[in-house]
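*Asks:*
Residue numbers (the working numbering), protein chains in the order written: chain D, 15 to 241; chain B, -9 to 32.
1. Run through chain D and tell me which residues come within less than 7 Å of residue 23 of chain B, C-beta to C-beta.
2. Are the C-beta of residue 27 of chain B and some C-beta of chain D separated by less than 7 Å?
3. How big is the Cα-Cα spacing for residue 25 of chain B and residue 167 of chain D?
4. CB-CB under 8 Å to residue 39 of chain D, same chain, minus the five flanking residues each way: which ones, in chain order?
5. Counting along the chain, where does the alpha helix (DSSP H) carrying residue 58 of chain D start and finish?
6. Would you kindly work out how many angstroms separate the C-alpha atoms of residue 68 of chain D and residue 238 of chain D, rounded to a whole number?
7. Could you check whether residue 65 of chain D and residue 21 of chain D sit closer than 7 Å to each other, using their CB atoms as the reference points?
8. How far does the alpha helix (DSSP H) with residue 28 of chain B in it extend, from its first residue to its last?
9. For residue 149 of chain D, which three-state DSSP category applies?
10. For residue 16 of chain D and residue 49 of chain D, I'd like the C-alpha separation in whole angstroms.
11. Pull up the distance between the alpha-carbon of residue -6 of chain B and that of residue 132 of chain D, whole angstroms please.
12. Is there a C-beta anywhere in chain B that falls below 7 Å from the one on residue 220 of chain D?
13. Just to make sure I have the definition right: I need the residues of chain D whose C-beta is within less than 7 Å of the C-beta of residue 3 of chain B. Which are they?
14. If the criterion is Cβ atoms closer than 7 Å, does the pair residue 214 of chain D and residue 31 of chain D meet it?
Structure (structure tokens):
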């Protein structure tokens, strides 16, 4: 059953992404000021939405683990964080490429970019912490605390363009009061987001299955040592 | 622009390959440990 769900999610993601790629390259016109490079927004924004959604799910799963002590919540938090970290990495990479073209530099130590880098490093630290602790309950407890505090960084990244003077472009999406894009140009961002959420969900399910296999291996090893 | 799309898909592809390699390693280890605890035929 799980395999069918994973396959279904991947198929949905591929179909949506294929259709969206056609729309992005064949239908949507170049942006007036930026030209063709503006199309990078169609991967930059959906991946950050997916990443932040994942970090939020990890936050909720971590809180649930601390409340109930069920290691399945810890497994969910770890899987989601790992996948979201990959998507957050894409944000940094695509942002840098856009910045090189528009600003003439790969990187600027300005609030939005710097806070995003710190956010990425915080969650990378979360994964490194997990590797350093063998005992499952202690690993889960400490990871949950890091995940909860790490989400503060997500809020700072999201609000950075409101709180600080920043080089990063101001909101353009209508949902953030931007109004800088026509409906035809904004739509593919949300469809791409849906595709990435499907893809991320499939990856999280695979990751959680691998976590279950790891736990089974540990339990069988303990059984083997008893003989 | 194409570098941006390429970078995005390269990162996803790299992570999917890592997941696949990890899965293979875990399955092998699981099979090995299962054989260790299975009761031996009399």
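Yeah, the Cβ is synthetic: ideal placement off N, Cα and C, and Gly gets one too. Small disclaimer: the values here were computed from a predicted structure and weren't measured.
*Replies:* A quick look at the data gives this:
1. Your numbering for residue 23 of chain B matches position 33 in the second chain. Chain D residues near residue 23 of chain B: 231, 234, 235 and 238.
2. Taking the first residue of the second chain as position 1, residue 27 of chain B is located at position 37. Yes, residue 27 of chain B counts as interfacial toward chain D.
3. Position 35 of the second chain, counted from the first residue, corresponds to residue 25 of chain B. Position 153 of the first chain, counted from the first residue, corresponds to residue 167 of chain D. Looking at the two C-alpha atoms, the distance is approximately 46 Å.
4. Numbered from its first residue, the first chain carries residue 39 of chain D at position 25. If we look at residue 39 of chain D and ignore the five residues flanking it on each side, its Cβ neighbours are 53.
5. Residue mapping note: residue 58 of chain D aligns to position 44 of the first chain, counting from 1. Counting along the chain, the alpha helix (DSSP H) containing residue 58 of chain D begins and ends at 55 to 82.
6. The sequence position of residue 68 of chain D within the first chain is 54, counting from 1. The sequence position of residue 238 of chain D within the first chain is 224, counting from 1. One C-alpha to the other measures close to 37 Å.
7. Start at 1 with the first residue of the first chain, and residue 21 of chain D comes out as number 7. Start at 1 with the first residue of the first chain, and residue 65 of chain D comes out as number 51. Going by C-beta atoms, residue 21 of chain D is not nearer than 7 Å to residue 65 of chain D.
8. Position 38 of the second chain, counted from the start, is the residue given in the question as residue 28 of chain B. Premise fails: residue 28 of chain B is in no alpha helix (DSSP H) and is neither H nor E.
9. The count along the first chain starts at 1 and reaches residue 149 of chain D at position 135. Reduced to three states, the DSSP call for residue 149 of chain D is coil.
10. In the first chain, counting from the first residue as 1, residue 16 of chain D sits at position 2. In the first chain, counting from the first residue as 1, residue 49 of chain D sits at position 35. Residue 16 of chain D and residue 49 of chain D: Cα-Cα distance of roughly 43 Å.
11. For the purposes of this step, residue -6 of chain B is identified with residue 4 of the second chain, where counting begins at 1. For the purposes of this step, residue 132 of chain D is identified with residue 118 of the first chain, where counting begins at 1. Straight-line Cα distance between these residues: approximately 22 Å.
12. The residue given as residue 220 of chain D occupies position 206 in the first chain. So, interface residue.
13. Locating residue 3 of chain B in the second chain gives position 13, counting from the first residue. Correct list: empty, because the minimum Cβ distance to chain D is about 10 Å.
14. Mapped onto the first chain, residue 214 of chain D falls at position 200. Mapped onto the first chain, residue 31 of chain D falls at position 17. No; because the gap between Cβ atoms is not below 7 Å, this pair is not in contact.
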